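S.K.: Heads up, the sequence shown is in UniProt numbering, so the first residue is 1 and it goes up one at a time. Using N, Cα and C, we set each Cβ at its ideal position, and we do this for glycine too. It should be emphasised that the depicted structure is a prediction, and the values quoted were computed from it without experimental measurement. I have a structure here, written as C-alpha coordinates, and I will follow up with some questions on it.
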Amino acid sequence: MTALLNVDALLDDLEQGLRRLLRERGIEQPVLIGIRTGGVWLADILHKRLGLDEPFGELDISFYRDDFSRIGLNPKVRPSHLPFETEDRHIILVDDVIMSGRTIRAAMNEIFDYGRPAGIILATLIDLGARELPIQPDVVGQTLTLKANERVKLKGPDPLSVELRQADATPAKGA
(Lines of atoms letter the chains of each structure in order from A and count residues from 1; the text may use other names and numbers.)
(Lines give C-alpha, C1' and ligand atoms only; values in the text may rest on other atoms or scores of the structure.)
Protein backbone atom coordinates (compact mmCIF):
# COMPACT_ATOMS: atom_id res chain seq x y z
CA MET A 1 0.00 0.00 0.00
CA THR A 2 1.29 3.47 -0.91
CA ALA A 3 0.04 6.68 0.62
CA LEU A 4 0.83 10.02 -0.98
CA LEU A 5 1.57 13.21 0.93
CA ASN A 6 0.58 16.60 -0.47
CA VAL A 7 3.91 17.91 -1.82
CA ASP A 8 2.52 21.33 -2.75
CA ALA A 9 1.37 21.92 0.84
CA LEU A 10 4.75 20.75 2.18
CA LEU A 11 6.57 23.09 -0.23
CA ASP A 12 4.30 25.97 0.83
CA ASP A 13 5.20 25.33 4.48
CA LEU A 14 8.90 25.07 3.61
CA GLU A 15 8.84 28.31 1.61
CA GLN A 16 6.95 30.23 4.30
CA GLY A 17 9.30 28.93 7.00
CA LEU A 18 12.36 29.93 4.97
CA ARG A 19 10.98 33.42 4.27
CA ARG A 20 10.24 33.92 7.98
CA LEU A 21 13.67 32.68 9.08
CA LEU A 22 15.54 34.78 6.49
CA ARG A 23 13.56 37.85 7.58
CA GLU A 24 14.23 37.15 11.30
CA ARG A 25 17.96 36.75 10.66
CA GLY A 26 18.17 39.71 8.28
CA ILE A 27 19.54 37.57 5.43
CA GLU A 28 18.91 39.16 2.05
CA GLN A 29 21.09 37.30 -0.49
CA PRO A 30 21.31 33.63 0.49
CA VAL A 31 22.43 30.94 -1.92
CA LEU A 32 20.72 27.57 -2.23
CA ILE A 33 22.45 24.19 -2.36
CA GLY A 34 20.52 20.98 -2.96
CA ILE A 35 21.80 17.52 -2.02
CA ARG A 36 21.40 15.03 -4.87
CA THR A 37 18.95 13.84 -5.84
CA GLY A 38 15.77 14.94 -4.10
CA GLY A 39 17.36 17.98 -2.50
CA VAL A 40 18.31 19.27 -5.94
CA TRP A 41 14.72 18.93 -7.16
CA LEU A 42 13.50 20.85 -4.12
CA ALA A 43 16.25 23.49 -4.42
CA ASP A 44 15.16 24.15 -8.00
CA ILE A 45 11.57 24.77 -6.89
CA LEU A 46 12.53 26.85 -3.82
CA HIS A 47 14.99 28.89 -5.89
CA LYS A 48 12.13 29.94 -8.19
CA ARG A 49 9.67 30.52 -5.35
CA LEU A 50 12.12 32.65 -3.35
CA GLY A 51 13.14 34.61 -6.45
CA LEU A 52 16.88 34.29 -5.80
CA ASP A 53 19.25 35.89 -8.30
CA GLU A 54 22.19 33.49 -8.23
CA PRO A 55 21.84 29.95 -9.60
CA PHE A 56 21.53 27.18 -7.04
CA GLY A 57 24.27 24.63 -6.35
CA GLU A 58 24.24 20.84 -6.36
CA LEU A 59 26.14 18.56 -3.98
CA ASP A 60 26.92 14.90 -4.53
CA ILE A 61 28.11 13.78 -1.11
CA SER A 62 29.09 10.23 -2.14
CA PHE A 63 32.78 10.70 -1.27
CA TYR A 64 31.95 12.38 2.04
CA ARG A 65 29.69 9.66 3.45
CA ASP A 66 30.93 8.00 6.63
CA ASP A 67 29.80 4.60 5.29
CA PHE A 68 31.68 4.97 1.97
CA SER A 69 34.17 2.20 2.87
CA ARG A 70 31.33 -0.22 3.70
CA ILE A 71 28.83 0.44 0.92
CA GLY A 72 31.18 1.48 -1.87
CA LEU A 73 30.68 4.13 -4.50
CA ASN A 74 27.27 4.96 -5.90
CA PRO A 75 27.50 4.20 -9.63
CA LYS A 76 25.69 7.46 -10.45
CA VAL A 77 28.23 9.78 -8.80
CA ARG A 78 28.54 13.13 -10.53
CA PRO A 79 30.69 16.07 -9.51
CA SER A 80 29.22 18.68 -7.22
CA HIS A 81 28.50 22.02 -8.83
CA LEU A 82 28.59 25.25 -6.80
CA PRO A 83 28.38 28.22 -9.21
CA PHE A 84 29.21 30.73 -6.44
CA GLU A 85 31.71 31.29 -3.65
CA THR A 86 30.72 29.83 -0.27
CA GLU A 87 33.15 31.93 1.77
CA ASP A 88 31.18 34.26 4.09
CA ARG A 89 27.89 33.45 2.32
CA HIS A 90 24.58 32.53 3.91
CA ILE A 91 23.66 29.11 2.56
CA ILE A 92 20.32 27.35 2.52
CA LEU A 93 21.10 23.61 2.40
CA VAL A 94 18.15 21.61 1.05
CA ASP A 95 17.47 17.88 1.36
CA ASP A 96 14.33 15.84 0.87
CA VAL A 97 14.35 13.69 4.02
CA ILE A 98 16.39 13.93 7.21
CA MET A 99 16.66 10.90 9.42
CA SER A 100 20.00 10.13 11.10
CA GLY A 101 21.72 13.42 10.25
CA ARG A 102 24.65 11.66 8.55
CA THR A 103 23.85 12.93 5.04
CA ILE A 104 23.74 16.50 6.33
CA ARG A 105 27.06 16.07 8.17
CA ALA A 106 28.63 14.85 4.93
CA ALA A 107 27.14 17.78 3.00
CA MET A 108 28.47 20.32 5.50
CA ASN A 109 31.92 18.74 5.34
CA GLU A 110 31.91 19.17 1.58
CA ILE A 111 30.63 22.76 1.76
CA PHE A 112 33.45 23.67 4.14
CA ASP A 113 35.95 22.27 1.65
CA TYR A 114 34.78 25.04 -0.71
CA GLY A 115 35.08 27.76 1.94
CA ARG A 116 33.75 28.86 5.33
CA PRO A 117 30.15 30.07 5.03
CA ALA A 118 28.72 32.82 7.23
CA GLY A 119 25.96 30.38 8.17
CA ILE A 120 23.97 27.39 6.99
CA ILE A 121 20.21 27.06 7.22
CA LEU A 122 18.99 23.49 6.86
CA ALA A 123 15.65 23.01 5.08
CA THR A 124 14.15 19.55 4.67
CA LEU A 125 10.83 18.52 3.21
CA ILE A 126 10.35 15.66 5.70
CA ASP A 127 11.90 15.06 9.12
CA LEU A 128 11.79 11.46 10.32
CA GLY A 129 13.42 12.35 13.65
CA ALA A 130 15.61 9.25 14.04
CA ARG A 131 18.86 11.14 14.75
CA GLU A 132 22.20 9.50 15.27
CA LEU A 133 23.96 12.89 15.20
CA PRO A 134 22.94 16.20 16.82
CA ILE A 135 21.86 17.84 13.56
CA GLN A 136 18.43 19.46 13.34
CA PRO A 137 16.69 21.18 10.43
CA ASP A 138 15.83 24.86 10.79
CA VAL A 139 12.79 24.58 8.52
CA VAL A 140 10.70 21.46 7.85
CA GLY A 141 7.74 20.80 5.57
CA GLN A 142 6.44 17.98 7.80
CA THR A 143 7.62 15.77 10.65
CA LEU A 144 6.64 12.11 10.39
CA THR A 145 7.01 9.17 12.71
CA LEU A 146 7.19 5.98 10.70
CA LYS A 147 6.53 2.45 11.82
CA ALA A 148 9.43 -0.01 11.53
CA ASN A 149 8.05 -1.38 8.25
CA GLU A 150 7.38 2.02 6.62
CA ARG A 151 9.61 4.01 4.25
CA VAL A 152 9.21 7.44 2.69
CA LYS A 153 10.51 8.31 -0.78
CA LEU A 154 10.54 11.49 -2.85
CA LYS A 155 9.80 10.72 -6.50
CA GLY A 156 10.37 13.11 -9.34
CA PRO A 157 11.32 15.46 -10.61
CA ASP A 158 8.21 15.97 -12.71
CA PRO A 159 5.77 15.42 -11.21
CA LEU A 160 7.20 15.64 -7.71
CA SER A 161 5.53 13.33 -5.21
CA VAL A 162 6.16 11.83 -1.79
CA GLU A 163 5.26 8.21 -1.24
CA LEU A 164 4.83 6.44 2.05
CA ARG A 165 5.37 2.73 1.51
CA GLN A 166 5.14 -0.46 3.46
CA ALA A 167 8.57 -2.09 3.38
CA ASP A 168 8.84 -5.68 2.24
CA ALA A 169 8.65 -7.79 5.39
CA THR A 170 10.06 -10.85 3.67
CA PRO A 171 13.58 -11.53 4.96
CA ALA A 172 16.31 -11.85 2.38
CA LYS A 173 17.62 -15.33 1.65
CA GLY A 174 20.47 -16.25 3.92
CA ALA A 175 19.48 -13.59 6.43
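Looking at I92 and L5, is the spacing between their C-beta atoms short of 8 Å?
M.R.: The answer is no: Cβ separation not under 8 Å.
S.K.: Going by the beta-carbon positions, is the gap between L11 and I45 smaller than 8 Å?
M.R.: It is a contact, given that the beta carbons lie within the stated cut-off.
S.K.: Might you give, ordered along the chain, the residues of its own chain that have their beta carbon closer than 7 Å to the beta carbon of L21, omitting 5 neighbours on each side?
M.R.: Only I121, D138 and V139 meet the Cβ criterion.
S.K.: Can you list, in chain order, the stretches of the beta strand (DSSP E) that have 3 or more residues and sit fully within the region 74-98?
M.R.: With a minimum length of 3 residues, the continuous beta strand (DSSP E) runs that stay inside the region 74-98 are 90-98.
S.K.: Quick one: what's got a C-beta closer than 6 Å to P30's C-beta in the same chain, skipping five residues either side?
M.R.: The residues are H90 and I92.
S.K.: Reducing DSSP to helix, strand and coil, say where G119 ends up.
M.R.: Residue state, collapsed to three classes: strand.
S.K.: Starting from the C-beta of G39, find all residues in its chain whose C-beta is less than 6 Å away, skip the five residues before and the five after it, and write them out in chain order.
M.R.: Only V94, D95 and D96 meet the Cβ criterion.
S.K.: Spatial neighbours of A172 within its chain, please: CB distance less than 8 Å, with the 5 preceding and 5 following residues excluded, ordered by chain position.
M.R.: With a pLDDT of 49 at A172, under the threshold of 50, the modelled position of this residue cannot be trusted; read the value that follows with caution. Closer than 8 Å at Cβ, skipping near neighbours: no residue.
S.K.: Is the separation between the beta-carbon of R102 and that of L133 shorter than 8 Å?
M.R.: Yes, Cβ-Cβ distance for R102 and L133 is below 8 Å.
S.K.: My output table needs one value for K48: the three-state DSSP class, helix, strand or coil.
M.R.: It is helical.
S.K.: Using C-beta distances below 7 Å, list every residue in its chain close to residue 200, excluding the 5 sequence neighbours before and after it, in chain order.
M.R.: No answer is possible for residue 200: it lies beyond the span of the chain, which begins at 1 and ends at 175.
S.K.: Cα separation between F52 and L32?
M.R.: Checking the displayed sequence, the identity of residue 52 turns out to be Leu instead of Phe. Whole-angstrom Cα-Cα distance: 9 Å.
S.K.: For E110 versus F84, is the C-beta distance shorter than 8 Å?
M.R.: Cβ distance not < 8 Å, so E110 and F84 don't count as in contact.
S.K.: Please work out which residues of its chain come closer than 8 Å, Cβ to Cβ, to P79, disregarding the five sequence neighbours upstream and downstream, and give them in chain order.
M.R.: For P79, where only same-chain residues beyond five positions count, the Cβ hits under 8 Å are D60.
S.K.: What would DSSP say about E54, mapped onto helix, strand or coil?
M.R.: Reduced to three states, the DSSP call for E54 is coil.
S.K.: What first and last residue would you give for the alpha helix (DSSP H) that runs through E15?
M.R.: That run of the alpha helix (DSSP H) goes V7 to R25.
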